[in-house]
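This report refers to the structure that appears directly beneath it.
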Amino acid sequence: MTLRLGDIAPDFSQESTEGTIHFHDWAAGQWVVLFSHPADFTPVCTTELGYTAKLKDELARRNAKALAVSVDTLDSHGRWVADIEETQSVTLNFPILADPDRKVATLYDMIHPNSLLNLTVRTVFVIDPDHKIRLTLTYPASTGRNFNEILRVLDSLQLTDHHKVATPANWQDGDDVVIVPSLTDTEEIQRRFPKGYRALRPYLRLTPQPNK
Ligand code: BEZ
Numbered sequence: 027m028t029l030r031l032g033d034i035a036p037d038f039s040q041e042s043t044e045g046t047i048h049f050h051d052w053a054a055g056q057w058v059v060l061f062s063h064p065a066d067f068t069p070v071c072t073t074e075l076g077y078t079a080k081l082k083d084e085l086a087r088r089n090a091k092a093l094a095v096s097v098d099t100l101d102s103h104g105r106w107v108a109d110i111e112e113t114q115s116v117t118l119n120f121p122i123l124a125d126p127d128r129k130v131a132t133l134y135d136m137i138h139p140n141s142l143l144n145l146t147v148r149t150v151f152v153i154d155p156d157h158k159i160r161l162t163l164t165y166p167a168s169t170g171r172n173f174n175e176i177l178r179v180l181d182s183l184q185l186t187d188h189h190k191v192a193t194p195a196n197w198q199d200g201d202d203v204v205i206v207p208s209l210t211d212t213e214e215i216q217r218r219f220p221k222g223y224r225a226l227r228p229y230l231r232l233t234p235q236p237n238k
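Okay, so the sequence shown: first residue is 27 according to the working numbering, each after it adds one.
Structure, rendered in structure tokens:
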């Protein structure tokens with residue numbers, strides 16, 4: 027099944043390193059970063075899961091939590107966690123789904139056989155508290171992901187859900203944002219953006235981030 031932005035993230039029940047996860051119940055009003063890795067005991071994946079563990083507080087500040095998945099067994103995950111913790115100097119603080127029956131991998135189309143036979147590629151789904159898919163990313167096995175980018179997208183989504191703005195290229199939290207082109211009412215613009223704005227073009231209007 028092809029999952030697209032705005033679709034409801036499919037529900038599932040699957041075993042994890044923190045017990046059985048009933049996905050929609052587990053998500054319970056939070057943002058979720060659901061991400062697959064190709065295989066346990068591989069170098070790039072070890073760094074990715076270690077780095078994600080270090081982001082726990084940053085994710086929590088954004089009402090978000092991580093959930094990893096691969097087609098390895100629970101026993102394999104358990105043994106690998108010890109390696110992640112030792113080599114990356116972290117305590118693994120989020121669950122890893124054990125998906126040897128490929129239930130989750132199939133639901134989320136995480137196996138791309140022409141790229142990596144029988145293993146999940148590096149996908150990321152950012153899922154909002156209404157279980158809607160808000161971001162999808164797919165990376166090749168040879169390239170570790172930039173997890174700071176996931177935080178940046180969470181910041182952008184959470185800002186733009188509540189203000190009539192969008193975030194420009196390479197935007198970081200606190201930078202100027204753009205006013206959505208559909209907003210043209212002068213009084214509403216003044217009310218929403220009391221600090222004013224710079225119009226480089228009628229459709230390109232920059233304003234200080236409204237929630238700062
Ligand atoms: C890795 O995590 O290093 C990796 C996994 C699968 C294929 C290539 C690299």
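Ideal Cβ placement from N, Cα and C applies to all residues, glycine included. Source: prediction; values computed, not measured.
- Item | Whole-angstrom C-beta distance between Arg160 and Val147, which should lie under 8 Å | Their Cβ separation, rounded to whole angstroms, is 20 Å, which puts Val147 and Arg160 out of contact at 8 Å.
- Message: For the ligand BEZ, is there any heavy atom lying closer than 7 Å to the beta carbon of Ala124?
- Response: no
- Does the Cβ-Cβ distance between Val150 and Leu133 come in under 8 Å? no
- Item | Three or more C-beta pairs below 8 Å linking the segment 103-122 and the segment 200-217 | no
- Message: Applying the 10 Å Cβ sphere with the 16-neighbour rule, what's the burial state of Thr72?
- Response: buried
- Query: Quick one: Cα of Asp187 to Cα of Thr28, how far?
  - Reply: 25 Å
- Among Pro69, Arg231, Arg178, Gly104, nearest to Asp202 - alpha-carbon criterion: Arg231
- Task: Please find out if some non-hydrogen atom of the ligand BEZ comes closer than 7 Å to the beta-carbon of Thr113.
- Result: no
- Could you have a look at Ala195 and say whether DSSP puts it in helix, strand or coil? coil
- Query: Terminal residues of the continuous alpha helix (DSSP H) containing Leu100?
  - Reply: 100-114
- Item | Helix, strand or coil at Ser182 according to DSSP, with G and I counted as helix | helix
- Are the beta-carbon atoms belonging to Ser102 and His63 less than 8 Å from one another? no
- Message: Following a CB-centred definition, is Pro69 positioned closer than 7 Å to any heavy atom of the ligand BEZ?
- Response: yes
- Message: Runs of 3 residues minimum, wholly inside the segment 43-70: which ones carry the beta strand (DSSP E) assignment?
- Response: 57-62
- Task: Measure the C-alpha to C-alpha separation of Arg88 and Trp197 and round it to an integer number of angstroms.
- Result: 17 Å
- Alpha carbon to alpha carbon, how far is Glu213 from Pro207? 15 Å
- Message: Does the beta-carbon of Ser141, which I'm using as the reference point, lie nearer than 7 Å to any heavy atom of the ligand BEZ?
- Response: no
- Can you tell which of Phe38, Pro126, Pro236 has its C-alpha closest to the C-alpha of Gly301? The chain is shown from 27 up to 238; residue 301 falls before or after that span and cannot be answered.
- Query: In three-state terms, what does DSSP make of Gln235?
  - Reply: coil
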